[in-house]
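Peer 1:
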Amino acid sequence: SNSAQWERTFLKSIEGDLSLLNKMCRHYIAKTKCKEVITESFNKILDSLQSVLEDKTSTELSKRTVLLITKELITIDSKTLVSAIKKHESYFKNAFQQPIDKNNQLFELVNLIVSIPNAFDFDVFMLISALEMLKSGNNVSFSLNILLSLFYSVETAFAKSTKISDAVNRLLEFTASEKVEINIQNALICLRIILSKFKDETLDAENLMNLMLPHIKGSNVVLKNAAMDVIAAFSNTLAKGIKSPHEVLATLLAQDSENPKTLLSLLSAAKVVVSITQIDKKLFTQLSPTLATFLENKDPHVVTKTIELITSTLSSKENAKIVITKLFEHVLAAAKSQNATDILITPLTNFIATLSKFDKKIESKIMSFEKGKVPLVINFMVIGAMSASTNIDVESFTKKYTKMISAKNFNEKSPDFFISVAYIYTFAFLKENKKIDDQKILNLFATKLDDPSVYISQASIFTLGKIENVDLLLELFKNEKQNPLNVAIALKNSLSNIEDSKVTQLFNDLVAIRTNNACQSTINECLCYLVKRKPEELFPVLFDALQRKSQESIGHLPPLPKDKQSLEAFELQVKEKDEIYNDSESNKDNALVNCIPSSVDEQHIKYIIQYIQLIVDNLNNYNRFVKRAVYSVINVLVQSKTTEVEPYITLIVSAIVPQMQCDPRYVSIVKFGTLSYTDDIGVSSRNTVYQCVNGLLNYYFEWFDEKEMFLAIVDNLAKDMKKDRARDLQLNAFSMIITVLNKNNTLFLEYEELILDIIESIARDVTGNAVNSHKEALATAACPLFAAIIKMKYADLSQKLAPLIQMVKNTKQFEKAF
Numbered sequence: 003s004n005s006a007q008w009e010r011t012f013l014k015s016i017e018g019d020l021s022l023l024n025k026m027c028r029h030y031i032a033k034t035k036c037k038e039v040i041t042e043s044f045n046k047i048l049d050s051l052q053s054v055l056e057d058k059t060s061t062e063l064s065k066r067t068v069l070l071i072t073k074e075l076i077t078i079d080s081k082t083l084v085s086a087i088k089k090h091e092s093y094f095k096n097a098f099q100q101p102i103d104k105n106n107q108l109f110e111l112v113n114l115i116v117s118i119p120n121a122f123d124f125d126v127f128m129l130i131s132a133l134e135m136l137k138s139g140n141n142v143s144f145s146l147n148i149l150l151s152l153f154y155s156v157e158t159a160f161a162k163s164t165k166i167s168d169a170v171n172r173l174l175e176f177t178a179s180e181k182v183e184i185n186i187q188n189a190l191i192c193l194r195i196i197l198s199k200f201k202d203e204t205l206d207a208e209n210l211m212n213l214m215l216p217h218i219k220g221s222n223v224v225l226k227n228a229a230m231d232v233i234a235a236f237s238n239t240l241a242k243g244i245k246s247p248h249e250v251l252a253t254l255l256a257q258d259s260e261n262p263k264t265l266l267s268l269l270s271a272a273k274v275v276v277s278i279t280q281i282d283k284k285l286f287t288q289l290s291p292t293l294a295t296f297l298e299n300k301d302p303h304v305v306t307k308t309i310e311l312i313t314s315t316l317s318s319k320e321n322a323k324i325v326i327t328k329l330f331e332h333v334l335a336a337a338k339s340q341n342a343t344d345i346l347i348t349p350l351t352n353f354i355a356t357l358s359k360f361d362k363k364i365e366s367k368i369m370s371f372e373k374g375k376v377p378l379v380i381n382f383m384v385i386g387a388m389s390a391s392t393n394i395d396v397e398s399f400t401k402k403y404t405k406m407i408s409a410k411n412f413n414e415k416s417p418d419f420f421i422s423v424a425y426i427y428t429f430a431f432l433k434e435n436k437k438i439d440d441q442k443i444l445n446l447f448a449t450k451l452d453d454p455s456v457y458i459s460q461a462s463i464f465t466l467g468k469i470e471n472v473d474l475l476l477e478l479f480k481n482e483k484q485n486p487l488n489v490a491i492a493l494k495n496s497l498s499n500i501e502d503s504k505v506t507q508l509f510n511d512l513v514a515i516r517t518n519n520a521c522q523s524t525i526n527e528c529l530c531y532l533v534k535r536k537p538e539e540l541f542p543v544l545f546d547a548l549q550r551k552s553q554e555s556i557g558h559l560p561p562l563p564k565d566k567q568s569l570e571a572f573e574l575q576v577k578e579k580d581e582i583y584n585d586s587e588s589n590k591d592n593a594l595v596n597c598i599p600s601s602v603d604e605q606h607i608k609y610i611i612q613y614i615q616l617i618v619d620n621l622n623n624y625n626r627f628v629k630r631a632v633y634s635v636i637n638v639l640v641q642s643k644t645t646e647v648e649p650y651i652t653l654i655v656s657a658i659v660p661q662m663q664c665d666p667r668y669v670s671i672v673k674f675g676t677l678s679y680t681d682d683i684g685v686s687s688r689n690t691v692y693q694c695v696n697g698l699l700n701y702y703f704e705w706f707d708e709k710e711m712f713l714a715i716v717d718n719l720a721k722d723m724k725k726d727r728a729r730d731l732q733l734n735a736f737s738m739i740i741t742v743l744n745k746n747n748t749l750f751l752e753y754e755e756l757i758l759d760i761i762e763s764i765a766r767d768v769t770g771n772a773v774n775s776h777k778e779a780l781a782t783a784a785c786p787l788f789a790a791i792i793k794m795k796y797a798d799l800s801q802k803l804a805p806l807i808q809m810v811k812n813t814k815q816f817e818k819a820f
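Okay, so the sequence shown: first residue is 3 according to the working numbering, each after it adds one.
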């Protein structure tokens, strides 16, 4: 209730049972609102903890417990504690002289402190300490891990410390003399982080390079990659200190490897070297076959890096000529390959834009396709982007396209068909580059949305999605001749172009649209995007709809009939009461409420916290639209650890178990001849509830009745194991079981039979006659559960579990668990 009382309790506890004090920190402080009170007592508490560390009669257990308590206190007020943590420094200095392993509480504590922002003084102290340990050879692994934590977490302000250059030099000395490979690897990673974060141009680049080359030429792939990553982190100014760039480049590209990671490191390092030198004709000709081989790699990231490297060499006519004669066809083949992805678009457009300065006819060389080979959509897209980056005359290009598609009997078998599709994508990127206006794009492709060829309709959707004037696309909805779904997809793609001033009006226009369910889903995606653009104005609209929707009742729907004669009548009732109503206010509200789960995230808490009472009032609402919205909001509030939700946790926890269950009134009935098949269509809303439970278990476990929750998870899991559409539910259920067992592992022994039944059921389903995709999904979901059970070593406690685990080990689908 007050700081003085806390202080007395805390300090008295330090004289007695430290382990009890640690439990109090972990459990009681976390569950109550005493953080501010505790903060006031920090200095006295730290003095008392320090006295335990310095007392020669203190046991190692007491000292470890003090470190655990300190770690818990950090979570309460890191800023206050960091300023006082120096009181522990003398203990740290002495402790660093003793052997320290990764399981040591000191290691965890130091790692936690250095990850805290603004802990500059302590960071410098730890940097000096780690470098001293590295020099003395004492606790080398520990010091390297601390250095990694420091350099990964600290901000650029840390670069003001003169110790950064000391760190580089010490690490360089270490890599030259150390024999343990994992230590060398960690030292190289530290060097790479330092060079990428702290641009110290006073460093000796030549010395750095000379120390990296032996690792690059060596046989150890991990060290090779790490050394090349160090070179890739060189700034331009630092790279200019390399005395023999041609020799370094030749060494890099001479490394023979099929490992994509090695190639990526190699190419990144090579690009740094190329950026500071003019590659001569002889060397470039010599290196071209190697670059051509890289372009044939199946990893698109390797191809991307290779194209970027080649582009950086295009600084002269001589090099451009070599690229055109020796590499261009390989680049084009990569753009048209089965392994092409959209990450190729930017490097390829830059490549073509640069190359077109030397070859004015490059566009005609791009537009060609191998006879008899059907390109992928991404191939058309990439070729279109490349074509648009050349010096195209838009008017001539448009006439050429129009003439091509107007040819007599033009169809998918026409010689120019694939080229015409690539042309459509070219128009998309011409529009993106502002070389053609919206109206021309609309005139060319609005009528192509329903083209019988899926190639042309898809390309037209993509191209119309580049239109900036969204009103033009809205007008297409009024044209009954157009496919509304295709228009909706184009509209969704164009939303990033809309001005802020038009967001609200477009939102209202889209809410008013009445269309089929497939199209409505895409419209909802548009609405979610717009809500995120103007959250302060549009979130109230969503929650007003939730208020109206929450007042609708589905309680009058009867339970699922058992006799076949009643199923048809029941189906009609479901359609009347549960489906989206066409041309009705309810359809509008459903659309708005359905936007809530996809619109709400942590950055919008300030807009949604005012509706927490409405959310809590609907905890027990079984309407699937409302349920999904309510528990999505709660999940975001829980994950954010916002204090406003804490007063309602008890209510939420008490309501959540019934909401995990399937409501038989939510069914759809599909007829197969004389048979009827019922399927739970509340899966998505229940999955949202499951996700919410997961968050609550992680952050508010103490509020739950552990046994009730565990049994509820297992009971629902047993039912959902039978449903093909419930794989996400299973994955979340397995995750919840892991969380509960981690929090209280005695439940395993108490409910051993239930857990064994689950494992047996999973193994049976995966090895049985189910559809392969379902087996794969179930196995993927189950692997983390098996891995957790193996890690917890329950097999040592259960005679029945050991043979089951052995059976799982022998099942190929579960090999990831091991």
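Ideal placement from N, C-alpha and C gives every residue a C-beta, glycine not left out.
#1: Specify the secondary structure class of Pro349 as computed by DSSP and reduced to three states.
#2: What first and last residue would you give for the alpha helix (DSSP H) that runs through Asp511?
#3: Taking C-alpha atoms, which residue in Lys73, Val232, Ser398 lies nearest to Asn212?
#4: According to DSSP, is Lys811 helix, strand or coil?
#5: Can you name, in chain order, every residue of its own chain whose Cβ lies under 8 Å from the Cβ of Pro262, other than the five neighbours on each side?
#6: Buried or exposed: which applies to Asp440, given that a residue is buried once 16 or more other Cβ atoms fall within 10 Å of its Cβ?
#7: For the candidate residues Asp453, Asp125, Ala547, whose alpha-carbon lies nearest to that of Val112?
#8: Between which two residues does the alpha helix (DSSP H) carrying Val333 extend?
#9: From Asp619 to Ile115, what does the alpha carbon distance come to, in whole angstroms?
#10: Would you report the Cα separation of Asn352 and Thr313, rounded to the nearest angstrom?
#11: To test your reading of the DSSP string, which unbroken alpha helix (DSSP H) runs of 4 or more residues are found completely within the region 709-770?
#12: Give every residue of the same chain whose Cβ lies closer than 7 Å to the Cβ of Gly675, excluding the five residues on either side of it in the sequence, and list them in chain order.
#13: Please classify Asn495 as buried or exposed, where buried requires at least 16 neighbouring CB atoms within 10 angstroms.
#14: So, for Ser270: in the same chain, excluding its five sequence neighbours on each side, which residues have a beta-carbon less than 6 Å away from its beta-carbon?
#15: In terms of residue numbering, what span does the alpha helix (DSSP H) encompassing His606 cover?
#16: Between the C-alpha atoms of Arg516 and Lys480, what's the straight-line distance to the nearest angstrom?
#17: Which of helix, strand or coil does DSSP assign to Leu114?
#18: Measure how close the beta-carbons of Ala784 and Phe750 come, nearest whole angstrom, since I'm counting them as under 8 Å.
#19: Would you mind giving the Cβ-Cβ distance between Leu225 and His217, rounded to the nearest angstrom? I have them listed as a contact below 8 Å.
#20: So, does the CB of Ser737 fall closer than 7 Å to a CB anywhere in chain C?
#21: Please state whether DSSP places Met230 in a helix, a strand or coil.
#22: Can you list, in chain order, the residues of its chain with a C-beta nearer than 7 Å to that of Thr524? Leave out the 5 residues immediately preceding and following it.
#23: Hey, how far is the Cα of Leu451 from the Cα of Leu478?
#24: Specify the secondary structure class of Asn623 as computed by DSSP and reduced to three states.
#25: Go ahead and label Arg626 buried or exposed: buried means 16 or more other beta carbons lie within 10 angstroms of its beta carbon, across all protein chains shown.
#26: Taking the alpha-carbon positions, what's the Ser601 to Glu538 distance?
#27: Report all residues from its chain with a CB closer than 6 Å to the CB of Asp418; omit the five preceding and five following residues, and keep chain order.
#28: Have a look at Lys468 and Ile196 and give me their C-alpha separation to the nearest angstrom.
#29: Taking all protein chains shown into account, do 16 or more other C-beta atoms lie within 10 angstroms of the C-beta of Glu365, making it buried, or fewer, making it exposed?
#30: Taking Cβ positions, are Leu540 and Ile598 nearer each other than 7 Å?
#31: Would Gln107 pass as a contact of Leu70 if the rule is Cβ separation under 7 Å?
#32: Do Leu699 and Val640 have their C-beta atoms within less than 7 Å of each other?
#33: Quick check on DSSP: helix, strand or coil for Val250?
#34: Compare the Cα-Cα distances from Ser198 to each of Asn227, Val182, Leu240, Asp168 and report the closest residue.
#35: Please name the residue in Ala765, Ile426, Val456 whose C-alpha comes closest to that of Lys442.
#36: Determine the burial state of Lys373: buried for a count of at least 16 other Cβ atoms within 10 Å of its Cβ, exposed for fewer.
Peer 2: According to the data block:
#1: helix
#2: 505-514
#3: Val232
#4: helix
#5: Only Asn299, Asp301, His303, Val304 meet the Cβ criterion.
#6: buried
#7: Asp125
#8: Element bounds for Val333: 330-337.
#9: 41 Å
#10: 7 Å
#11: 729-745, 748-752, 754-769
#12: Residue confidence for Gly675 is low, a pLDDT of 33 falling below 50, so the modelled location carries little weight; the figure read from the coordinates is stated next. Excluding positions up to five away in sequence, the list is empty.
#13: Flag for Asn495 reads buried.
#14: Answer for Ser270: Ala234, listed in chain order.
#15: It is not in any alpha helix (DSSP H) - His606 carries neither H nor E in the DSSP assignment.
#16: 11 Å
#17: In this structure, Leu114 counts as helix in the three-state DSSP scheme.
#18: So it is not a contact: roughly 16 Å between Cβ atoms.
#19: 5 Å
#20: Here chain C cannot be found, since the structure has a single protein chain.
#21: helix
#22: Leu487, Ala490, Ile491, Lys494
#23: 10 Å
#24: coil
#25: Flag for Arg626 reads buried.
#26: 12 Å
#27: Met406
#28: Computed Cα separation, rounded: 41 Å.
#29: buried
#30: no
#31: yes
#32: no
#33: helix
#34: Leu240
#35: Nearest C-alpha to Lys442: Ile426.
#36: exposed
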